[in-house]
Every structure is written in structure tokens, then in C-alpha cells.
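Undergrad: Before I ask anything, here is the structure I am working with.
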Amino acid sequence: MSCAWRWPAPTKVRAIRPGAAAGARVRVNDRNQANDAEAAQMKWILIAIARAWQIGPSAILPPSCRFSPSCSQYAIEALKKYGAIKGGWLATKRLLRCHPWGGCGHDPVP
1 MSCAWRWPAP TKVRAIRPGA AAGARVRVND RNQANDAEAA QMKWILIAIA
51 RAWQIGPSAI LPPSCRFSPS CSQYAIEALK KYGAIKGGWL ATKRLLRCHP
101 WGGCGHDPVP
């Protein structure tokens, strides 16, 4: 005797979404949204650090930028355009080029 009724396929449950009701279940795809939110938070934290540099020490020190835009402005633009990982990498590469034997002139964010 065969039975036509079957148990429903189990859904993959990994974590509870922040702010969700107690006992709420979250599918695997919702985990990407949480990662995106964390990346956005990191991006804004790095932008805040660059802005703090512009307002604090950079305002007191004499202007000595070799590039246009300045390294901190370049970092802010790169972080806004590419996010925390790639924008942070571009900003780090720019800071490493900023030395007496490095280049100079206009260097926009790619």
C-alpha cells in the first residue's frame, strides 16, 4: 500500500535575525542580508575614522599632500564607491604610495 502524502521538505534554518520575534526562523539566504549590514557598518566606521583625521590632526598639521585629492578624501570616496574591503584596500595602497619618492598629481578613485 503506497501513501500519497509525504512529509514536507525541511527548510534550512541557521540563525535568528536581529530584531526578529522570539522563535522566528531565518532561511540561509537571509544570512547574506546580515553580512551586508555588517559590511555597511564597517564602511561607515572607516569613513568616520578618515573624517576624524581630516578634522583633527590634518587640520593642525601644515598641508603636505602630494596627491589630489588628499589621501583621506581618496579613502572616503573609495569606501563610498566600493565598500569596506575593496575601498579599504585602495585607500591602503594610496597611503603606501605617499612618500617622498612616490608619485604626485591628480589621482582619482578608479
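In terms of UniProt numbering, the sequence shown opens at residue 1 and continues consecutively. Where a beta carbon is used, it is the ideal one built from N, C-alpha and C, also for glycine. Note that the structure is predicted; figures quoted are calculated from it, not measured.
(1) Quick one: residues in its chain with C-beta nearer than 8 Å to the C-beta of I85, no 5 flanking neighbours on either side, listed in chain order?
(2) If you drop the 5 nearest sequence neighbours on each side, which residues of the same chain put their C-beta closer than 7 Å to that of S72?
(3) Please classify G103: does DSSP put it in a helix, a strand, or coil?
(4) Going by the CB atoms, is the gap between S68 and G105 shorter than 8 Å?
(5) State the DSSP-derived secondary structure class of S72, mapped to helix, strand or coil.
TA: Let me lay it out:
(1) A39
(2) A50, W53, Q54, S58
(3) Coil at G103, not helix or strand.
(4) yes
(5) helix
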